[in-house]
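2 protein chains.
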Amino acid sequence: MSLSKHEPQALKRANVSDAVADAVRAMIVDGRLGDGERLNEVRLAERLGVSRTPVREALGRLAAEGALTSTPSRGYSVRPLTASELQQLYELRPLLDPHALRLAGIPPARTLDRLEKLNRALAATADPLRAIAVDDDWHRALIAHCPNLVLVELIESLMRRTRRYEIALMRERRNAVRATGEHARILAALHDGDLDAACAALKRNMETGGAPIVAWLREREPRVAAERAS
Amino acid sequence: MSLSKHEPQALKRANVSDAVADAVRAMIVDGRLGDGERLNEVRLAERLGVSRTPVREALGRLAAEGALTSTPSRGYSVRPLTASELQQLYELRPLLDPHALRLAGIPPARTLDRLEKLNRALAATADPLRAIAVDDDWHRALIAHCPNLVLVELIESLMRRTRRYEIALMRERRNAVRATGEHARILAALHDGDLDAACAALKRNMETGGAPIVAWLREREPRVAAERAS
DNA sequence: ACGCTGCATACTGTATGCACTTGAAACACC
DNA sequence: GGTGTTTCAAGTGCATACAGTATGCAGCGT
């Protein structure tokens, strides 16, 4: 791990604690902090060049978000997701995303253009990590016009909670599975003005999306548990 | 520290900050803290007999949960829900609850017994505030066997976020609207082993449930805005 | 009388210090 | 050699102290 001991990272945001929260969030999703890893408050504070207080606040908020767990007198650690919990997260998307799309209705032309552009970018992107971000953006754009913002925020939250494992898988297996074909079918239905068909296709897309990641974690889980036991 | 002459909260939990979070949560739902009200850290700390540090941690976590908002240099305040946001919360229940029930399947006999008992208690409860709790319990019990715990937790979170307004309405209008009839229809379908019918009835139940609260807030909203402007 | 400016106060945001708990290594004992 | 005990270091949890910022008010000027 690259640690610049004395000069902290940018920490641009107004509140220091928000900045710390962002920094730790980033560490979690991109794998610098592994599953179940314990966070040392003083080291974190030193590394970021701030005191323990804003660090503790940030960690508390991340715990409230579900990214960390706090065990009494032992501080915070990265909350590991079980394979079954990850599966449950993915199982909600076939329910929520089509509903959001139905509420959003057929997107306007400029959004359809953007969706096609994003899908071409997805096909063209070599970096699998970048592909994950583009895929997320595609789904975000698809439901951008949904009037139920609580639902949109909910879907975003599901995406955030699963992203860490998608990235971890992509780091191991370099071959990204792209859903460009399924996206194209959804777009075709939308162009035809067939909202029902688009929602059905989106549902299928969401049903298949999570399977490889869950399978990967399920296969990997016993190994991790064994490591932890030793 | 001056021993508090008035110590309203037990503060039982192991962590002080958790206890504070619970206390503030309770203050919000039962109306001691009104919409948009600002929280003074020192007064809160004194009243609960602790220092500011755990208070700040608790407030930060409540903000992460969405119960409070933090405005820079002005601290935390109770996050008011707009009528439309409240409506969006209620609009998700007809989607989520039936799905959870379908995943749960027909409940075992002892759960059905419990549901009928709760429904009779709902009909018999005079106190409208107690009735809200019983109704929530009924819906919790209905989906208790749902294997997707993320979904169950999600529904609980929606219940928490709306409860404050249900209680506020019940305080004004003392007449509670009981859904015992709709519950009975759902139970009848479950007794018949007809899961589809039960889910459909539950969907209707959820579609009608939120309307009066949303209407109440929508009617009340301009008045509140005017008060705040003055 | 009205508005503007500067000051005082209150409160938030951050840092630091202290006590207590926990985990583990060293040690004694079996 | 293995096991139970003691001691000690590391680290969290809470309290307090300090600094920066917004807000209300008084006084001044017009």
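Line by line, the protein sequences are chains E and H. Residue 1362 is where the first sequence starts when you use the working numbering, and the numbers rise one by one after that. Residue 1362 is where the second sequence starts when you use the working numbering, and the numbers rise one by one after that. Think of the CB as a built atom: it goes at the ideal place given N, C-alpha and C, for glycine as much as any other residue.
Beta bridge counterpart(s) of residue i as assigned by DSSP
i	result
V1439 of chain E	E:L1429
Neighbour flag for residue i against chain E, beta carbons, 7 Å
i	result
H1460 of chain H	yes
G1410 of chain H	no
L1450 of chain H	yes
V1511 of chain H	yes
E1407 of chain H	no
E1426 of chain H	yes
E1517 of chain H	no
A1444 of chain H	no
E1533 of chain H	no
E1418 of chain H	yes
Closest Cα partner of residue i within the set the options
i	options	result
A1470 of chain E	E:R1521, E:P1489, E:L1503, E:A1561	E:L1503
L1551 of chain H	H:G1466, H:G1395, H:A1461	H:G1466
A1540 of chain H	H:G1554, H:R1521, H:A1485, H:E1533	H:A1485
L1479 of chain H	H:P1489, H:V1385, H:A1494, H:L1490	H:A1494
A1424 of chain E	E:P1415, E:V1411, E:G1410, E:V1439	E:V1439
N1536 of chain E	E:L1442, E:D1488, E:P1433	E:D1488
V1511 of chain E	H:R1524, H:Q1449, H:L1556	H:Q1449
P1508 of chain H	E:V1377, E:A1562, E:G1542, E:E1452	E:E1452
R1565 of chain H	H:E1517, H:P1455, H:L1464, H:R1463	H:P1455
R1491 of chain E	E:E1517, E:R1435, E:A1529	E:A1529
G1436 of chain H	H:V1513, H:P1459, H:L1464, H:L1400	H:L1400
R1534 of chain H	H:L1578, H:T1472, H:L1519, H:E1407	H:L1578
P1415 of chain H	H:E1426, H:R1408, H:N1376, H:L1515	H:N1376
D1555 of chain E	E:L1447, E:L1462, E:R1404, E:L1457	E:L1462
D1458 of chain H	H:D1553, H:E1426, H:H1506	H:H1506
L1447 of chain E	E:R1521, E:H1544, E:G1542	E:R1521
A1545 of chain E	E:V1513, E:L1519, E:W1499	E:W1499
D1553 of chain H	H:P1468, H:E1514, H:R1404	H:P1468
S1378 of chain E	E:L1519, E:R1422, E:A1572	E:R1422
Coarse secondary structure for residue i, derived from DSSP in three states
i	result
R1393 of chain H	coil
R1399 of chain E	strand
G1542 of chain H	helix
D1496 of chain E	helix
H1367 of chain E	Residue placement at H1367 of chain E is flagged as unreliable, the pLDDT there being 30, under the threshold of 50; the coordinate-derived value follows with that caveat. Note: H1367 of chain E maps to coil in three-state DSSP.
N1518 of chain E	A small fix is needed here, since residue 1518 of chain E is Ser in this sequence, not Asn. Correct three-state label for S1518 of chain E: helix.
P1489 of chain E	helix
P1469 of chain H	coil
H1460 of chain H	helix
G1421 of chain E	helix
I1504 of chain H	coil
G1645 of chain E	Because chain E spans 1362 through 1591 in this model, residue 1645 of chain E falls outside it and cannot be assessed.
L1372 of chain E	Low confidence applies here, because L1372 of chain E scores a pLDDT of 39, under 50, leaving its location unreliable; read the following figure in that light. Looking at L1372 of chain E - three-state DSSP - the assignment turns out to be coil, as it is neither helix nor strand.
S1378 of chain E	helix
Distance, residue j Cα to residue i Cα
i	j	result
S1445 of chain E	E1580 of chain H	44 Å
D1497 of chain E	M1567 of chain E	12 Å
L1420 of chain E	R1413 of chain E	10 Å
E1641 of chain E	I1574 of chain E	Nothing in the structure corresponds to residue 1641 of chain E, since chain E is present only between 1362 and 1591.
V1359 of chain E	D1383 of chain E	Since the displayed chain E opens at 1362 and closes at 1591, residue 1359 of chain E lies outside it and no answer follows.
A1576 of chain E	D1474 of chain E	34 Å
D1396 of chain H	A1428 of chain E	28 Å
A1387 of chain H	R1393 of chain H	8 Å
R1417 of chain H	E1418 of chain E	8 Å
C1560 of chain H	A1380 of chain E	45 Å
E1582 of chain H	T1430 of chain H	19 Å
L1563 of chain E	I1547 of chain E	6 Å
A1549 of chain E	G1570 of chain H	37 Å
E1398 of chain E	P1433 of chain H	31 Å
V1538 of chain H	R1532 of chain H	13 Å
R1525 of chain H	E1517 of chain H	13 Å
R1374 of chain H	L1442 of chain E	26 Å
V1411 of chain E	R1408 of chain H	30 Å
G1542 of chain E	R1501 of chain E	18 Å
L1476 of chain E	L1483 of chain E	10 Å
D1557 of chain H	H1460 of chain H	10 Å
R1481 of chain H	T1472 of chain H	14 Å
Cβ of residue i within 7 Å of any chain H Cβ
i	result
R1393 of chain E	no
P1415 of chain E	no
G1421 of chain E	yes
P1433 of chain E	yes
L1456 of chain E	yes
E1402 of chain E	no
E1568 of chain E	no
A1387 of chain E	no
A1375 of chain E	yes
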